[in-house]
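Worksheet for the structure shown next.
2 protein chains.
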Amino acid sequence: MGGLAEHLVMDSVTALTRIDTQRARAVIEADQRLDAMQRSVENHAVDLIAAHRPQGKPLRELVAAMRISSDLERVGDLAKNNAKRVLAIEGRAYPPRVALGVEHMSDIALEQMKSVLDAFTSQDLSAALDVRSRDDEIDAIYTSIFRELLTYMMEDPRNITFCTHLLFCAKNIERIGDHATNIAENIHYLITGEQPVEARAKGDSSSYLSADWAEPENGRGGH
Amino acid sequence: MGGLAEHLVMDSVTALTRIDTQRARAVIEADQRLDAMQRSVENHAVDLIAAHRPQGKPLRELVAAMRISSDLERVGDLAKNNAKRVLAIEGRAYPPRVALGVEHMSDIALEQMKSVLDAFTSQDLSAALDVRSRDDEIDAIYTSIFRELLTYMMEDPRNITFCTHLLFCAKNIERIGDHATNIAENIHYLITGEQPVEARAKGDSSSYLSADWAEPENGRGGH
């Protein structure tokens with residue numbers, strides 16, 4: 001599931017930066033496989049818990065597997081949503097540099113996904129906690145992309161639809177980063193039996209962004 | 001969990017339509033309780049599966065409880081995100097009718113939540129399937145709000161930040177509707193042992209919305 005989820009994210013970003021609708025359609029199609037795998041992991045874990053009544057770490061392994069497969073299934077949904085947006089913005093005028101930020105952000109999200117899946121395979125607690133601490137970086141880039149896209153929208157209303165879709169794409173990638181963080185927390189639980197002590201504030205600070213920084217003073221022109 | 005999740009959704013929408021920051025902060029605070037309850041439901045279900053090795057319907061009840069509590073926890077996250085956006089748009093000029101669509105949409109989402117939780121309590125399969133079939137209505141309203149908000153943004157760039165936050169709020173409510181649908185599908189699974197046969201296409205059609213309908217012909221002036 002991890003490998004497939006990574007591929008969906010990678011392909012959806014490539015589809016987005018190149019406006020490659022064929023690749024986008026392939027992502028939408030392949031996401032169904034991830035959904036089926038998640039259901040199968042869950043059923044299998046429940047069967048094993050019922051059959052063997054595991055305790056301690058063996059039980060935590062099955063619970064963590066269920067939770068992580070649910071995170072990966074949602075990562076696939078987010079990649080699929082970005083792929084759908086490629087179909088919406090196809091054929092539109094495209095200010096190329098606006099996609100650069102989204103691409104950079106998704107490179108980091110993909111690195112986070114890869115690191116956390118490696119940490120799961122090698123049961124490496126400190127690697128998992130590293131992933132968790134790096135999520136702030138994605139959130140910061142998202143907040144900066146949010147501002148940048150709003151500025152483009154204010155500069156020229158013809159950018160509004162395109163930039164709105166890109167905003168949702170960026171938000172989806174930020175959420176992929178959150179799922180990498182969830183997985184890191186489940187690795188902590190798997191290894192130690194506890195959730196990480198200090199609850200991380202999840203999500204981006206753009207939810208709190210007031211617009212004063214970006215408000216054109218007299219109706220047009222951005223800042 | 002269902003009652004608390006409903007309250008968070010209701011309060012976050014009231015906070016949004018009245019720009020009531022105190023209520024918004026209370027939602028953000030209360031969401032933590034929902035998260036704790038979800039973890040506790042999950043732990044309890046796993047303990048019961050290991051202790052009693054249930055089969056058939058008793059096993060499905062525990063699996064469904066885990067899945068539904070996970071949906072409710074995410075409904076709380078979405079309400080919390082909307083509450084955060086109230087803090088972002090506080091004190092801003094507010095075209096009142098733009099919030100009406102969001103309010104209408106959330107009334108339907110809340111009705112869906114209420115109906116699906118009732119269907120769970122009474123194990124009423126046909127009521128659950130009704131909820132599932134009504135999700136299209138929320139998606140249609142969301143798509144119409146998406147268009148309306150983009151039009152406001154094109155009419156006046158001073159609306160852009162506010163409308164962008166409202167767009168994300170509307171999207172969050174649309175996702176709350178999706179979670180009601182997920183819960184309906186889990187009730188189907190609980191009662192019949194099968195997932196509903198015909199997989200529903202989830203999500204909104206606005207992901208596919210190209211902008212041609214809303215593109216100003218010469219740079220300004222709406223649609």
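Order-wise, the sequence lines are chains A and B.
Read in order, the letters of the first sequence are residues 1 to 223 in UniProt numbering.
Read in order, the letters of the second sequence are residues 1 to 223 in UniProt numbering.
Ideal Cβ placement from N, Cα and C applies to all residues, glycine included.
- Query: Given a threshold of 16 other Cβ atoms within 10 Å of its Cβ, counted over all protein chains shown, does residue 260 (chain B) qualify as buried or as exposed?
  - Reply: Since the first residue shown for chain B is 1 and the last is 223, residue 260 (chain B) is missing from the structure and cannot be characterised.
- Roughly how far, in whole angstroms, is the beta-carbon of Ala24 (chain A) from the beta-carbon of Ala109 (chain A), given that I think they are within contact range, below 8 Å? The pair is not a contact, with the Cβ atoms about 18 Å apart (cut-off 8 Å).
- chain B partners of Ala50 (chain A), CB-CB under 9 Å? Ile49, Ala50, His52, Arg53, Pro54, Gln55 and Leu59
- Item | Runs of alpha helix (DSSP H) wholly within the UniProt domain "PhoU" (102 to 187) of chain A (minimum 4 residues, chain order) | 125 to 155
- Item | Any C-beta of chain B under 8 Å from that of Val75 (chain A) | no
- Message: Let's test the definition: count the other Cβ atoms within 10 Å of the Cβ of Gln123 (chain A) and tell me whether it reaches 16, buried, or not, exposed.
- Response: exposed
- Task: Would you mind reading off the limits of the alpha helix (DSSP H) that contains Gly76 (chain A)?
- Result: Gly56 to Ile89
- Does the Cβ-Cβ distance between Asp135 (chain A) and Asp178 (chain A) come in under 8 Å? yes
- Message: Taking 8 Å as the threshold (beta carbon to beta carbon), is Leu105 (chain B) in contact with chain A?
- Response: Before going on, a small fix: residue 105 (chain B) reads as Met here, not Leu. Chain A contact via Cβ: absent.
- Task: Under 8 Å Cβ to Cβ from Leu87 (chain B), same chain only, skipping five residues before and after it: list those, please.
- Result: Thr21, Ala24 and Arg25
- 9 Å Cβ cut-off: residues of chain A touching Val63 (chain B): Glu42, Asn43 and Val46
- Give the C-beta separation of Cys169 (chain A) and Leu16 (chain A) to the nearest angstrom, bearing in mind that I take them to be a contact with Cβ-Cβ under 8 Å. 6 Å
- So with Cβ pairs under 8 Å, would you call Arg97 (chain B) a contact of chain A? no
- Message: Just to confirm the assignment, what range does the alpha helix (DSSP H) spanning Arg92 (chain A) have?
- Response: Taken as a continuous stretch (DSSP letters only), Arg92 (chain A) belongs to no alpha helix (DSSP H), as it is neither H nor E.
- Task: Tell me, please, whether the CB atom of Leu72 (chain B) is closer than 8 Å to any CB atom in chain E?
- Result: Absent here is chain E; the protein component of the structure consists of chains A and B.
- Task: Name the residue from A:Leu59, A:Arg39 and A:His52 whose alpha carbon lies nearest to the alpha carbon of Arg67 (chain B).
- Result: A:Arg39
- Got a sec? Which residues, its chain only, sit under 8 Å from Ala211 (chain A) by beta carbon, not counting five neighbours each side? Low local confidence applies: a pLDDT of 42 at Ala211 (chain A) is under 50, so the model's placement there is unreliable, and no value is given.
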